[in-house]
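Take a look at the structure set out below.
Residue numbers (our numbering), protein chains in the order written: chain A, 953 to 1424; chain B, 953 to 1424.
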């Protein structure tokens, strides 16, 4: 991340937190450049970026001011969730499919979608790398690259861990059909039907569907929309339910966007290690930080090989190619064996092609562009939600990913909103999809991974109108 | 299949069955051509082919005679298996992995491998089709081709069913990561832990591993090496165990090579339908018949949508691409939903690329060549087994696929053979891998999907010597 981006990010946070108020003047470029030990042009770039995001405005011969529009930005949700502490069988899959399948056609406005716009990815460049791998495929690679997967791709992934200061040997990495397969392999490697599993509240609906399919019980742990799971509550849940696994998203959590601070991640890993509970870490949005630099996963604090770190290229580089992986710690062989008996192997030319793409080093250039785009889109969506939704609506400010979590004011009903909006060709992801106990009836997840266009502006306005009617 | 191939096949069967004896003269070309209503050149081609396979020899100015070598060909196994009729928990996975992992390096002679030589496939041509799909990928296809899969590929697969006279709508087809994922999705869609499942005896070890992983009980049904499962025994097993599913390979079964006659397939489907037991049909070798023409799957006799027909392109066209499918009958939606929560989707460019390859119509040309090659290799391997293995050894004569099932004479021990041969760099697949009750200790499966080369000749000789020592 560039310096000017870091500075802009700092200032944006101060505005969102109310430390800098609308109409207030930003420090002059000269002052800021001296105080921050940055060149004046870096400060200028930061101010331009903030202006582009609608957070500040320039007044000729006067300087930069916090935009009035920033005043209308909705507050963040403040309270952690409060699930009831029970463990329970899961029965959400039908609801989840009902919502997803209603939104599967192309002409529905994809605010409920789980995918960012595919136009944000260098699909032609990735395609050329895969094309070359396919045309020049060594026939024996179809046998040699059997699970755990292509050696060069695993080496490239291990190198990326190394850049983050993590020592994850290639031997520990198993290539999978996307992160979802990785997560499912891990879950089935460490649980038996009837076991209880710790999850966030709210959590990604596919987690709940996996638990449901495997006959597992969910223990929903209170989760704060900024800082993630509550470790005291987790301790209590461990004592009470003796869970066999923990499946979390400590970074840019889906749907909250929350990120556990490093220290809390360290404590989480230590707590689970003490109880010999494996951590299945879903880290698919890791690369999509909005500017504050790489966030370390919980895996970085693992000393016992208990963390199974799952990720993929589907959200960062190559949607549709289904190349994910797990760094499975001490369970690498167990996971590889499960993969051999469920899907056997992962598309070989795609593995080789991605390995070559990574070797060439253009991944990071693409990521820088993608992060800027997603950060800017998030600001724009928040501004539009501010304009469209009734007062009292709260919206998260994730530091990465492309989801906003919205708490409606009392009286708001997200399931009803989903049905009403659905009939108008607008999808949303209502809160109860993300909870085994069907909580979060007044919450929804909005996808801000699609560049704004008139139909999205207008869909957000429509959503706001429907909510306002609900509150009457 | 060409006419001369059909004729050669008929004659080969007569020789194997002992109807034509070594030294006996074949009908003259003129006689055969009149009797069969074939042109003389067709008969000549058939005789040349038989000569190439070592089954007949020509004597100048005299005609064609059954080769003396044919006399030394080992007999076929004659008896159906006799499992004990119990249902049991499965615990073979560790043995299977021990055997498979010992053979995973390239320099081991792959007689125990499950894959044919990758050199038998038009990988460059397939690669070009996939390359073009990857380079010109419509970004939205990464969203639109989500499970159940790419529309054009599903249409091409439906067309192939249609050519076989089967009405399988594209809507019923779900694209999967190879047939193994299809089979596993079907199994998990119709069973709960503790359920009993009907399987063949012996059966494909991955079937047993799936049962083991899902906490299911296996009921092994007696299976004849030529004609497949015994339906009377199946009736008894249904009455006794009330199984919830049946997982079979009615065509070119792995490991036996057995094929149920059409009439028996029809009765099987009717029997299962009467008891509302879904049939999971593994048909991955369907395209690899050795000349007698397409064999209809059990699915062709399905009137109730109870048959879930699983296949793939991995054994017929594109190993390493992991493109399979299931025509799941009335359970198409249930299977698609399971896929959405386990691996989400299948590599999109590979789906589009294979669809384009199929459109172009060169698949059947490739298949004709592949079938001839596999048929010839099978004859050559049988001849080598005949030369190398002790008298009393029995060998199957599958009409398709690339596996031989070998019964050793009393005293032969396939597990011991596997360890002894393994230490010499030769892999085999010992019988107990294929049985929940660890039967078939005197049997092994040989892969004849690799063109003969000196190290394979010599490996077969080594195997024969070790077996001979065991018998002493």
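The C-beta atom is built at its ideal place from N, Cα and C for all residues, glycine as well.
The structure displayed is predicted, hence computed values, not measured ones.
Keeping to the same chain, check which residues put their C-beta closer than 8 Å to that of residue i; ignore five residues upstream and five downstream.
i: residue 976 of chain B; result: 1017, 1018
i: residue 1086 of chain B; result: 1301, 1305
i: residue 1140 of chain A; result: 1166, 1290
i: residue 1404 of chain A; result: 1329, 1332, 1333, 1336
i: residue 1258 of chain A; result: 1221, 1224, 1225, 1228, 1229, 1230, 1231, 1281, 1282
Near residue i, what residues of its chain come up, given a Cβ to Cβ distance below 6 Å and the 5 sequence neighbours on each side ignored?
i: residue 1157 of chain B; result: 1048, 1385, 1386
i: residue 1162 of chain A; result: 1136, 1139
i: residue 1178 of chain A; result: 1210
i: residue 1288 of chain B; result: 1099, 1100, 1126
i: residue 1274 of chain B; result: 1129, 1130
Just curious, the beta strand (DSSP E) that residue i is in, first and last residue?
i: residue 968 of chain B; result: Looking at the DSSP string, residue 968 of chain B is not in any beta strand (DSSP E); the run it does join, the alpha helix (DSSP H), is 955-968.
i: residue 1394 of chain A; result: Segment: none, residue 1394 of chain A is in no beta strand (DSSP E) and carries neither H nor E.
i: residue 1212 of chain A; result: Premise fails: residue 1212 of chain A is in no beta strand (DSSP E) and is neither H nor E.
i: residue 1041 of chain A; result: 1039-1041
i: residue 1174 of chain A; result: 1169-1176
i: residue 1402 of chain A; result: No beta strand (DSSP E) holds residue 1402 of chain A; DSSP gives it neither H nor E.
i: residue 1276 of chain B; result: 1276-1279
i: residue 1359 of chain A; result: 1355-1359
i: residue 1343 of chain B; result: That residue, residue 1343 of chain B, is in no beta strand (DSSP E); it is neither H nor E in DSSP.
i: residue 1057 of chain B; result: Premise fails: residue 1057 of chain B is in no beta strand (DSSP E) and is neither H nor E.
i: residue 1015 of chain A; result: 1015-1018
i: residue 1133 of chain A; result: Residue 1133 of chain A -> not in any beta strand (DSSP E); alpha helix (DSSP H) instead, spanning 1130-1142.
List the endpoints of the continuous alpha helix (DSSP H) containing residue i.
i: residue 1164 of chain A; result: 1157-1165
i: residue 1419 of chain B; result: 1406-1423
i: residue 1003 of chain A; result: 992-1004
i: residue 1152 of chain B; result: Element bounds for residue 1152 of chain B: not the alpha helix (DSSP H) but the beta strand (DSSP E), 1148-1153.
i: residue 1260 of chain B; result: Not the alpha helix (DSSP H): residue 1260 of chain B falls in the beta strand (DSSP E), residues 1259-1264.
i: residue 1078 of chain A; result: 1075-1087
i: residue 1184 of chain A; result: 1183-1193
i: residue 1293 of chain A; result: 1284-1294
i: residue 1096 of chain B; result: 1093-1096
i: residue 1307 of chain B; result: 1300-1312
i: residue 1232 of chain B; result: Element bounds for residue 1232 of chain B: not the alpha helix (DSSP H) but the beta strand (DSSP E), 1231-1234.
Kindly list the residues whose CB is nearer than 7 Å to the CB of residue i, restricted to its own chain and excluding five residues on each side of it in sequence; keep chain order.
i: residue 950 of chain A; result: Residue 950 of chain A is absent from the model: chain A starts at 953 and stops at 1424.
i: residue 1408 of chain A; result: 1061, 1402
i: residue 1043 of chain A; result: 1164
i: residue 1327 of chain B; result: 1242, 1243
i: residue 894 of chain B; result: Residue 894 of chain B falls outside the range modelled here, since chain B spans only 953 to 1424, and no answer is possible.
Which whole-angstrom value describes the C-beta separation of residue i and residue j, a residue pair presumed to lie in contact below a C-beta threshold of 8 Å?
i: residue 1212 of chain A; j: residue 1220 of chain A; result: 7 Å
i: residue 1427 of chain B; j: residue 1195 of chain B; result: As displayed, chain B neither begins before 953 nor continues past 1424, which places residue 1427 of chain B out of reach and without an answer.
i: residue 1207 of chain A; j: residue 1092 of chain A; result: Going by Cβ atoms, the distance from residue 1207 of chain A to residue 1092 of chain A rounds to 44 Å, so no, they are not a contact pair.
i: residue 1172 of chain A; j: residue 1389 of chain A; result: 6 Å
i: residue 1253 of chain A; j: residue 1218 of chain A; result: 4 Å
i: residue 1241 of chain A; j: residue 1317 of chain A; result: So it is not a contact: roughly 16 Å between Cβ atoms.
i: residue 1392 of chain A; j: residue 1026 of chain A; result: 17 Å between Cβ atoms; not a contact.
i: residue 1037 of chain B; j: residue 1051 of chain B; result: About 27 Å separates the two Cβ atoms, so there is no contact after all.
i: residue 1174 of chain B; j: residue 1033 of chain B; result: 5 Å
So if I threshold CB-CB distances at 7 Å, which residues from the region 1263-1286 of chain B count as touching chain A?
1271, 1272, 1273, 1274
Touch check for the region 1269-1282 of chain B and the region 1051-1063 of chain B: three-plus C-beta pairs under 8 Å?
no
Relative to chain A, which residues along the region 1290-1322 of chain B have a C-beta separation below 8 Å, given in chain order?
1290, 1292, 1293, 1294, 1295, 1296, 1297, 1298, 1299, 1300, 1301, 1302, 1305
Which residues, taken in chain order from the region 1089-1102 of chain A, show a beta carbon closer than 8 Å to some beta carbon of chain B?
1089, 1091, 1092, 1093, 1094, 1095, 1096, 1097, 1098
Which residues, in chain order, does the region 1194-1209 of chain B contribute to contact with chain A at a C-beta distance below 8 Å?
none
Select from the region 1158-1177 of chain B all residues with a C-beta closer than 7 Å to any C-beta belonging to chain A, and list them in chain order.
1158, 1161, 1162, 1165, 1167
Can we say the region 1292-1304 of chain B touches the region 1371-1378 of chain B, given the rule of at least three CB pairs closer than 8 Å?
no
At a Cβ cut of 8 Å, what residues of the region 1362-1374 of chain A count as close to chain B, listed as they run along the chain?
none
Any contact of the region 1272-1279 of chain B with the region 1122-1137 of chain B, i.e. 3+ C-beta pairs under 8 Å?
yes
Evaluate contact between the region 1111-1124 of chain A and the region 1339-1353 of chain A, counting only Cβ atoms and requiring at least three cross-stretch pairs below 8 Å.
no
Please list, in chain order, the residues of the region 1058-1072 of chain A that have any C-beta partner in chain B closer than 7 Å.
1058, 1067, 1070, 1071
Taking a cut of 7 Å between CB atoms, which residues from the region 1119-1138 of chain A lie near chain B?
1129, 1130, 1132, 1133, 1136
Three or more C-beta pairs under 8 Å: does that hold for the region 1095-1102 of chain A against the region 1098-1106 of chain B?
no
Of the residues that make up the region 1031-1052 of chain B, which ones have a beta carbon closer than 8 Å to any beta carbon in chain A?
1045, 1049, 1052
Which residues, in chain order, does the region 1001-1026 of chain A contribute to contact with chain B at a C-beta distance below 8 Å?
none
Residues of the region 1230-1247 of chain B in Cβ contact with chain A at a cutoff of 7 Å, in chain order, please.
none
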